[in-house]
Every structure is written in C-alpha cells, then in structure tokens.
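**Q** Pasting in a structure now, in structure tokens, and then I'll have a few things to ask.
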Amino acid sequence: MNEIKTFDPNSLDKRKFYQLLTGSITPRPIALVSSCDINGNANLSPFSFFNVFSINPPILVFSPVSRVRSNTNRDTLSNVKQLDEVVINLVSRDSVHQVSLASADYDSEVNEFDKSGLTPVDSAIVVPYRVEEAYVSFECKVTSILPLGDKAGAGTLVICEVLLAHARTKIFNEDGSIDPLKLDIVARLGGNNYTITNKEGVYEIEKPISELGMGVDLMPEEVKNSKVLSGNDLGRLGTLTKIPSEAEITEFRLERTEFLNLSETELHNLATVKLEDNKIEEAWEILLYNYYN
Ligand SMILES: Cc1cc2nc3c(=O)[nH]c(=O)nc-3n(C[C@H](O)[C@H](O)[C@H](O)COP(=O)(O)O)c2cc1C
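Here the sequence shown is numbered in this note's numbering, starting from 8 and rising by one per residue.
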C-alpha cells in the first residue's frame, strides 16, 4: 500500500527517465507551431512541452528538445533563430491525426503543411502561416530563446509573446467564455497515448478564494481523522469558512430526527453522499449531528 519507488535522473537510463517525465506530467496541451526560415520555407510541428506562462504580457512557451540520437536541433528551433515569429495553433480532435503526421522528421526543406494536408492561411501580422483547421491560433513574436543544456535531449525554451489571437466563434458560450466541450481539445499523455475532453471528463470545482475556507487543520478531530471521509471529502468540507454553530446543529437535529440513532460511521457515510452532491453545509450538519452533545 502506497509503496514508493525512487528514481535518480543521473543513474537511470535517459530513455527511462524521459518515459517517467512524459508519462507522469500529463495531460500536456499541444502547440502546433508554424514557423518559417529566412527564405520563407514553411514548417509545422507539434510540441507538447508547452503552456501559457503569463497573462500580461501574454506569454506562451514551448520547448524543442535536441534530437536524442544525433543531438541536432529541430527545424523549428533553427527557424525561430532566423525569423523571430511563429503561429501557435491549438489542436482539436478533428485534425489530430494530421498533426501527428506533421511530427514526422521530414527534411528541413519539406513543408509539413503539404505532408499533413493541413491548410496554410496568411496571418494578419506575422510571416508564418496560421492553420485553417485550428479552432484557436496565436500570432506571436519570439521574444527570447533560452537553451537549457547542450547534451542530447536538452530543451530550449522558445518564449513567445502573443500579438494577436484568432478563435472560431463556435467554441464560445453566450457569456463569452470558451466551452471546453466545443473546443474539443486533444492533449498528450505518455507514450502513444492522447486524451480528449468529453462530458464525463469535465467537472467543476468552485474556487475556494471568494471566502477563505477553514482548511483541514481547523476541523474537529473526529472529522479530520475520520476512517470514512477521503482526502477529497476533507478538501470539500474545508472550503466553508467555519463549522455550523451549536444553535444551527440543534435546529437541524429538531428537523432531522431520522439521524438520531445512527452511528458515527453511518453519519460519515451519509455525509460523503451529500458531498458528492456538493451539499457541503448539509454534510457538515450530518457530521456534527452529535458533536455538541
Ligand atoms: C503530439 C506531439 C508532441 C510533441 N512534442 C514535442 C516537444 O514538446 N518537443 C520536441 O522536441 N518534440 C516534440 N514532438 C516531436 C516533434 O514534433 C518532432 O520531432 C518534429 O519532427 C519536430 O519537427 P521539426 O524538426 O520540423 O521542428 C512531439 C510530437 C508529437 C506528435
């Protein structure tokens, strides 16, 4: 139970450690990066070492890793050193196989738009094309290129400031927010595995920041050390600012006499059902049913 295995990057085979990193740091978003060299030769490659790192200024970062076998640079990296502009396109389910095809190690003069069949569209500000099939594209200026090492497999951070964003209108809700199901994004897992965003996979966790939650440390011992409640249950319970008062519980006991003869375990089990339903106050009232007696 909860047995731990420990790995040292200096002694583990590099490939194995790569599998550990990319198999555990998941799911990773995929940037489909469009770049071009100084002669205008277009290149298109996916990068899952990618994320957003700043809102103002809006900064996206991706990392081409030097080829492990030959310790040579990806064409994308050579390109951004020649022309400091890219378009970062986001990959939805209906084009992911073409994106995978674009990742093949074609010669630098080969245009992956042609190979993948994805459609190049003129950008508004930058020279590289954007991808017509992408639901969201960011025209970017490369503001800095930061090598992280010189050995085979070393990454280079390509830091990109977003100059202009394009998004299909169909991905938005009426309130202007992006609907994750309409975006239909694909993300990378370990090995050859990918994941999609579907109805079962999307759920809400209210941010505990509008009011400062009490936290697990301030809960009564019998709740904190419950044999029934899980860590997630405690996390939900901890979002309330304080536990219900004695007066509130007294009132609850008068209304809800059906709990009178239940054991602590039974009460805790009932509370977990309420928590699943996001009825946090009621869960507390059940948990504290006999607390003030
Ligand atoms: C979904 C996906 C994500 C990838 N992410 C990365 C990455 O983050 N860094 C990297 O160096 N290569 C990554 N690759 C591999 C590159 O896309 C591949 O090596 C490509 O040939 C590089 O193209 P270039 O040499 O034209 O730049 C990824 C491949 C796929 C299919």
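Here a beta-carbon is modelled for each residue, glycine too, at the ideal position from N, C-alpha and C. No experiment lies behind these values; they were computed from the predicted model shown.
Would the beta-carbon of Pro-53 fall within 8 Å of that of Val-87?
**A** Walking along the sequence shown from the start, residue 53 turns up at place 46. Walking along the sequence shown from the start, residue 87 turns up at place 80. Cβ atoms of Pro-53 and Val-87: not closer than 8 Å.
**Q** How should Pro-135 be labelled, buried or exposed, when 16 other C-beta atoms within 10 angstroms of its C-beta is the threshold for buried?
**A** By 1-based counting over the sequence shown, the position of residue 135 is 128. Flag for Pro-135 reads buried.
**Q** Give me the residue from Thr-279, Met-221, Gly-30, Leu-294 with the minimum Cα distance to Glu-253.
**A** In the sequence shown, counting from the first residue as 1, residue 253 sits at position 246. The candidate whose alpha carbon is nearest that of Glu-253 is Leu-294.
**Q** Beta carbon of Pro-71: closer than 7 Å to some heavy atom of ligand 2?
**A** Summarising the ligand content, the structure contains ligand 1 and does not contain ligand 2.
**Q** Output needed for Thr-202: all residues of its chain with C-beta closer than 6 Å, excluding positions within five of it in sequence on either side, in chain order.
**A** Taking the sequence shown and counting its residues from 1, the one referred to as residue 202 is at position 195. Answer for Thr-202: Pro-34, Ala-194, Leu-196, listed in chain order.
**Q** Between the C-alpha atoms of Ala-161 and Ser-73, what's the straight-line distance to the nearest angstrom?
**A** On the sequence shown, residue 161 is found 154 positions in, with the first residue counted as 1. On the sequence shown, residue 73 is found 66 positions in, with the first residue counted as 1. So the alpha carbons of these two residues sit roughly 6 Å apart.
**Q** Determine the closest residue to Thr-83 out of Glu-119, Ser-107, Asn-58, with distance taken between C-alpha atoms.
**A** Here residue 83 corresponds to residue number 76 of the sequence shown, with the count starting at 1. Taking only the C-alpha atoms, the option nearest Thr-83 is Glu-119.
**Q** On the three-state DSSP scale, how would you describe Asn-285?
**A** As a working note, residue 285 is residue 278 in the sequence shown. Asn-285 falls in the coil class under three-state DSSP.
**Q** State buried or exposed for Glu-262, treating a residue as buried only when at least 16 other CB atoms are found within 10 Å of its CB.
**A** As a first step, residue 262 must be located in the sequence shown, where it is residue number 255. Exposed, since its Cβ has fewer than 16 Cβ neighbours within 10 Å.
**Q** For the putative contact between Thr-272 and Val-235, defined by C-beta atoms under 8 Å, what is the C-beta separation to the nearest angstrom?
**A** Mapped onto the sequence shown, residue 272 falls at position 265. Mapped onto the sequence shown, residue 235 falls at position 228. Yes, they are in contact, since the Cβ atoms of Thr-272 and Val-235 sit about 6 Å apart, within 8 Å.
**Q** Using 8 Å as the threshold, is the segment 64-80 in touch with the segment 154-173, meaning 3 or more CB pairs across them?
**A** Yes: at least three Cβ pairs fall under 8 Å.
**Q** How big is the Cα-Cα spacing for Thr-257 and Tyr-296?
**A** Numbered from its first residue, the sequence shown carries residue 257 at position 250. Numbered from its first residue, the sequence shown carries residue 296 at position 289. In a straight line, the C-alpha of Thr-257 is about 8 Å away from that of Tyr-296.
**Q** Compare the C-alpha of Leu-155 against each of Leu-269, Leu-241, Asn-80, Gly-242 and name the closest.
**A** Start at 1 with the first residue of the sequence shown, and residue 155 comes out as number 148. Checked all of Leu-269, Leu-241, Asn-80, Gly-242; the closest Cα to Leu-155 is Asn-80.
**Q** When you compare the segment 122-139 with the segment 179-195, are there three or more beta-carbon pairs, one atom per stretch, that lie closer than 8 Å?
**A** Cβ pair count under 8 Å is below three, so no.
**Q** Within the continuous alpha helix (DSSP H) that includes Thr-29, where are the two ends?
**A** Here the question's residue 29 lines up with position 22 in the sequence shown. Unbroken alpha helix (DSSP H) run through Thr-29: 21-31.
**Q** Output the distance between the C-alpha atoms of Val-106 and Gly-208, rounded to the nearest integer angstrom.
**A** Position 99 of the sequence shown, counted from the first residue, corresponds to residue 106. Position 201 of the sequence shown, counted from the first residue, corresponds to residue 208. Their Cα atoms are separated by approximately 23 Å.
**Q** On the CB-based measure, 16 or more other CB atoms within 10 Å of its CB, does Ser-55 come out buried or exposed?
**A** Your numbering for residue 55 matches position 48 in the sequence shown. Ser-55 comes out buried.
**Q** Does the distance between the C-beta of Arg-76 and the nearest non-hydrogen atom of ligand 1 fall short of 7 Å?
**A** Working through the sequence shown from its first residue, we reach residue 76 at position 69. Arg-76: no, Cβ never under 7 Å from ligand 1.
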